[in-house]
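What follows is a single structure, written as C-alpha cells, with notes after it.
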Ligand code: ADP
Ligand code: MG
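Numbering (my numbering), first residue to last: 2 to 270.
If you want it as C-alpha cells, here you go:
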C-alpha cells in the first residue's frame, strides 16, 4: 500500500514575542497508508491539533517535509494547496464550523460549488444522497439552529465528503457529543473508511480510538508510541477489550516517558 501522507522530521515553532518561542512539534515523523484509519491521542497541549493542521496543509510547518500523495506540501503555492485541500481532503472539527445563514444542505453543497464549472444539479443530488446516507435526509432544508449537535456533526461529515476526498481529517469530531451520537458518528466514519477513504482523527477518547487501526500517541510535541490493531469490525471485535488494551498502553507509555525524562535529567546533572 502506498503512503497517502508522509511527514519527515517536522517542526512547528511559534514566535510568541521577542526571544520567546514555543516549540510545538519536535521532529515528528509519521506515515499514513492509503485507506488507513488512524487516531492521534495524547494529553491536552501535547500538539495533536497542531499536527493535524500542519499535515493537512492548513498551517505551514517551520521545518521538515510533508508529502501528500507524493506532493511536497511546502513547495506548493497557496493556490495549489488550497485546491488540494478542497478536492482531496475533508475536514471535521469539534466546533462544527457551519455557515449560519445557509440551510444545512447549502452548507454541504458549498465546497463543491466553489469551482466555477460545478454542475449545481449534480452537486445537489450528491448532497441529498449524503444526507440520506448519514440518516438526516428529512432535515436537509432546515437552518442550523433547527438541528441537534449530533445532527450538525452529521452535516459536517456530509460536507467533508461532498468532494469525495482521499482523506478525512477530524479534530475531536465526537468531542462535543453524547456517547450515543459519538458512537453513531464513529460507525459512519468506519463505513466511510471501509469504502477506501483514509481517516485521521484526533481524540482523547479510547472508545473512539478503539475503532481505528493505528494509534499515534503524542507527548510534549513528539510521537512517543504507535499501536497497530486489526481493522475494527463490529461483528467480530470485542470493543471493550480493544478499549482496555488502549488504556493500558497509554498508561505504559506515559510511565515510560516520565521515567525516561527522569533518567535523562539525572544523566545531565
Ligand atoms: P492539543 O491539541 O494536543 O491539545 P495543540 O496542538 O492545540 O494541543 O497545542 C499544543 C501547544 O501549543 C499548546 O500548549 C498550545 O497552547 C500551543 N499552541 C498551539 N498553537 C499555538 C499558537 N498559534 N500560538 C501559541 N501557542 C500555540
Ligand atoms: Mg486539540
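Note that beta-carbon positions come from the ideal geometry of N, C-alpha and C, so glycine has one too.
Asked	Found
9 Å Cβ cutoff met for residue 160 and residue 109	yes
The ligand ADP heavy atom lying under 8 Å from the CB of residue 51	yes
Buried versus exposed call for residue 100 [16 or more other C-beta atoms within 10 Å across all chains shown]	exposed
Closer than 8 Å: residue 115 CB and nearest the ligand ADP heavy atom	no
Residue 56 to residue 86 span [Cα, whole Å]	11 Å
Residue 130 to residue 17 span [Cα, whole Å]	46 Å
Stretch-stretch touch, CB-based, cutoff 8 Å, three pairs: the stretch 170-177 with the stretch 126-142	no
Three or more C-beta pairs below 8 Å linking the stretch 245-256 and the stretch 219-230	yes
Per-residue DSSP class, three states only, for residue 245	helix
Proximity test, residue 174 beta-carbon vs the ligand ADP heavy atom, cut-off 8 Å	no
Three-state secondary structure (DSSP) of residue 3	coil
Residue 236, buried or exposed, once every other Cβ within 10 Å from all chains shown has been counted against 16	exposed
Environment of residue 267 [buried if 16+ CB atoms lie within 10 Å]	Annotation note: pLDDT 48 at residue 267 (below 50); position unreliable, no value reported.
Outcome for residue 90 when other beta-carbon atoms lying within 10 angstroms are tallied against a minimum of 16	buried
Buried or exposed by the 16-neighbour rule on C-beta atoms within 10 Å, applied to residue 154	buried
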